[in-house]
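Here is the structure we will look at, set down as structure tokens.
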């Protein structure tokens, strides 16, 4: 009764066709089937944010989405954002400010931070905290992450002028 | 953990979803945004035989205003509540509450219908339904029925929905002249489930409450409309009256105790929320019950 289902979607701009079991979540599909292991799996119940990816340009929890639900959708992972150069300044700011240590939360943090920066050019530190409130980091104590996001927002405003 | 195996069906319409529900009975679960169902399945708290995906049904999406009533489709997401100009105008309480529902990535998927059908006692939207005096519209094999929010929530994760019913939409009276609302919750981290929370919808005329609906969440097994608030309607509110009303609150609320808070702490927070809401709604800071 639980048979594989065929799905077709775009991942980082490339078309993907696959057969998946209904129980397979998007995070595992990306990691195990497509070997895009930048999407991390932490809590598997939507609390930690390590698996954050973009589906149709909106951030979502890949652990709370079935692969069969992204039929016809466009998925972007940290590999896509990283390769396109979209977040190279944000990545550099994270590096410069030691906004990561073990790096486990970093892909999800970058996804959530870029989502905020796309919506708000001048976020307050409180806005940044709120937008990242669904992403756990167990190493940094968050301050350096907030600093890096704030610095990137400032720099982008500067270069936009 | 990972969800255990299940079959999957993508519903093609409401009738198709109802047909699937009826034919699979108790073993079936409806999947909308999945932000409560998927965690429960991943934790293996539930293991449905079949998941019926209604996420693509456009007939269940969006809002519409007709006369004095706004209809909100079950698949309207928290992110939509936050951004919709119609919600901001006609039900601003919902927009404010939605900002407290989990985190951006979850609000992009989670739906109002899903939140109501899930009926977590600490969730924001069920309390708003009571405050707004909403009606929940469900359809099942015996047709459509309308359920008052006050009758809908029956316990922890329990509602009046039958196993073969699907929540279609909610209807609520739009905000009238002099409407005012208040929303606040205490949580350890922004976006977490509340330790104690309050949603209030009122009409304030000439410095008095013409109507006042005060609804608590995370203070019992379901959202609770506080009758104590009736004492403040159509009278000149005094600090003594607020004290009196907040003292009688204790008798109506039946908070639970958990790792986050004791019963006494929840009673205390309930009083604090009540006093703050009255002070803010009437623009009278002296009613806020500042610590002596």
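Residue numbers (the numbering used here), protein chains in the order written: chain P, 4 to 164; chain U, 66 to 357. Glycine residues also receive a C-beta, built at the ideal position from the N, C-alpha and C atoms.
Distance between residue j and residue i (C-alpha atoms, nearest Å)
i, j, result
"residue 95 of chain U", "residue 266 of chain U", "31 angstroms"
"residue 189 of chain U", "residue 166 of chain U", "7 angstroms"
"residue 144 of chain P", "residue 138 of chain P", "12 angstroms"
"residue 128 of chain U", "residue 244 of chain U", "20 angstroms"
"residue 233 of chain U", "residue 81 of chain U", "14 angstroms"
"residue 82 of chain P", "residue 92 of chain P", "15 angstroms"
"residue 329 of chain U", "residue 31 of chain P", "44 angstroms"
"residue 357 of chain U", "residue 336 of chain U", "With a pLDDT of 42 at residue 357 of chain U, under the threshold of 50, the modelled position of that residue is not reliable, and the figure given next carries that caveat. Roughly 15 angstroms separates the two Cα atoms."
"residue 171 of chain U", "residue 121 of chain U", "17 angstroms"
"residue 99 of chain P", "residue 89 of chain P", "18 angstroms"
"residue 136 of chain U", "residue 110 of chain P", "39 angstroms"
"residue 8 of chain P", "residue 240 of chain U", "46 angstroms"
"residue 203 of chain U", "residue 339 of chain U", "33 angstroms"
"residue 149 of chain P", "residue 129 of chain P", "9 angstroms"
"residue 22 of chain P", "residue 123 of chain U", "26 angstroms"
"residue 277 of chain U", "residue 268 of chain U", "7 angstroms"
"residue 294 of chain U", "residue 223 of chain U", "26 angstroms"
"residue 196 of chain U", "residue 279 of chain U", "6 angstroms"
"residue 66 of chain P", "residue 107 of chain U", "9 angstroms"
"residue 346 of chain U", "residue 247 of chain U", "7 angstroms"
"residue 255 of chain U", "residue 300 of chain U", "36 angstroms"
"residue 253 of chain U", "residue 113 of chain U", "32 angstroms"
Beta-carbon spacing of residue i, residue j below 9 angstroms
i, j, result
"residue 131 of chain P", "residue 173 of chain U", "no"
"residue 257 of chain U", "residue 186 of chain U", "no"
"residue 307 of chain U", "residue 274 of chain U", "no"
"residue 182 of chain U", "residue 162 of chain U", "no"
"residue 198 of chain U", "residue 184 of chain U", "no"
"residue 100 of chain U", "residue 178 of chain U", "no"
"residue 93 of chain U", "residue 115 of chain U", "yes"
"residue 124 of chain P", "residue 163 of chain P", "yes"
"residue 289 of chain U", "residue 318 of chain U", "yes"
"residue 141 of chain P", "residue 77 of chain P", "no"
"residue 94 of chain P", "residue 87 of chain P", "no"
"residue 251 of chain U", "residue 264 of chain U", "no"
"residue 69 of chain U", "residue 26 of chain P", "yes"
"residue 127 of chain P", "residue 168 of chain U", "no"
"residue 331 of chain U", "residue 283 of chain U", "yes"
"residue 134 of chain U", "residue 209 of chain U", "no"
"residue 134 of chain P", "residue 113 of chain P", "no"
"residue 57 of chain P", "residue 79 of chain P", "yes"
C-beta neighbour in chain U for residue i, strict 9 angstroms
i, result
"residue 156 of chain P", "no"
"residue 74 of chain P", "yes"
"residue 66 of chain P", "yes"
"residue 63 of chain P", "yes"
"residue 25 of chain P", "yes"
"residue 42 of chain P", "no"
"residue 71 of chain P", "yes"
"residue 53 of chain P", "no"
"residue 132 of chain P", "yes"
"residue 21 of chain P", "no"
"residue 144 of chain P", "no"
"residue 80 of chain P", "no"
Chain U residues whose Cβ lies nearer than 9 angstroms to that of residue i
i, result
"residue 161 of chain P", "Neighbours of residue 161 of chain P on chain U: none; closest Cβ ~26 angstroms, over 9 angstroms."
"residue 115 of chain P", "168, 169 and 170"
Listed by chain order, chain U residues near residue i by CB distance under 8 angstroms
i, result
"residue 3 of chain P", "One cannot answer for residue 3 of chain P here, as it falls past the ends of chain P, which runs 4 to 164."
"residue 109 of chain P", "The contacting residues do not exist; residue 109 of chain P stays about 16 angstroms from chain U at best."
Neighbouring residues, chain P, relative to residue i (Cβ below 7 angstroms)
i, result
"residue 92 of chain U", "Within 7 angstroms Cβ-Cβ: nothing; residue 92 of chain U doesn't reach chain P, min ~10 angstroms."
"residue 116 of chain U", "25"
"residue 256 of chain U", "136 and 137"
"residue 120 of chain U", "72"
Chain-ordered neighbours of residue i on chain P, where CB pairs are closer than 9 angstroms
i, result
"residue 108 of chain U", "47 and 48"
"residue 171 of chain U", "49, 63, 64, 67 and 137"
"residue 100 of chain U", "49, 64 and 67"
"residue 67 of chain U", "26, 27, 28, 31 and 47"
Cβ of residue i within 9 angstroms of any chain P Cβ
i, result
"residue 126 of chain U", "no"
"residue 357 of chain U", "In this prediction, residue 357 of chain U has a pLDDT of 42, which is less than 50 and means its spatial position is unreliable; what the coordinates show is noted afterwards. Taking Cβ atoms only, chain P never reaches closer than 9 angstroms to residue 357 of chain U, which makes this a no."
"residue 365 of chain U", "Here chain U has residues from 66 to 357 only, and residue 365 of chain U is not among them."
"residue 96 of chain U", "yes"
"residue 315 of chain U", "no"
"residue 144 of chain U", "yes"
Chain P residues whose Cβ lies nearer than 8 angstroms to that of residue i
i, result
"residue 174 of chain U", "63, 64, 67 and 68"
"residue 70 of chain U", "5, 24, 25 and 26"
Where residue i meets chain U, residues with beta-carbon distance less than 7 angstroms
i, result
"residue 118 of chain P", "169"
Distance cut-off 8 angstroms: residue i Cβ against heavy atoms of the ligand FAD
i, result
"residue 145 of chain U", "For the ligand FAD, the structure offers nothing, since it holds no ligand at all."
- Note down, one range per segment and in chain order, each alpha helix (DSSP H) of at least 4 residues found wholly within the stretch 131-172 of chain U. 143-148, 150-155, 157-163 and 169-172
Q.
As an exercise, report each continuous beta strand (DSSP E) stretch of at least 3 residues that is fully enclosed by the stretch 10-40 of chain P, in chain order.
A. 17-23
Check: Could you give the uninterrupted runs of the beta strand (DSSP E) lying entirely in the stretch 34-120 of chain P, keeping only those of 3 residues or more?
Finding: 55-58, 61-64 and 77-79
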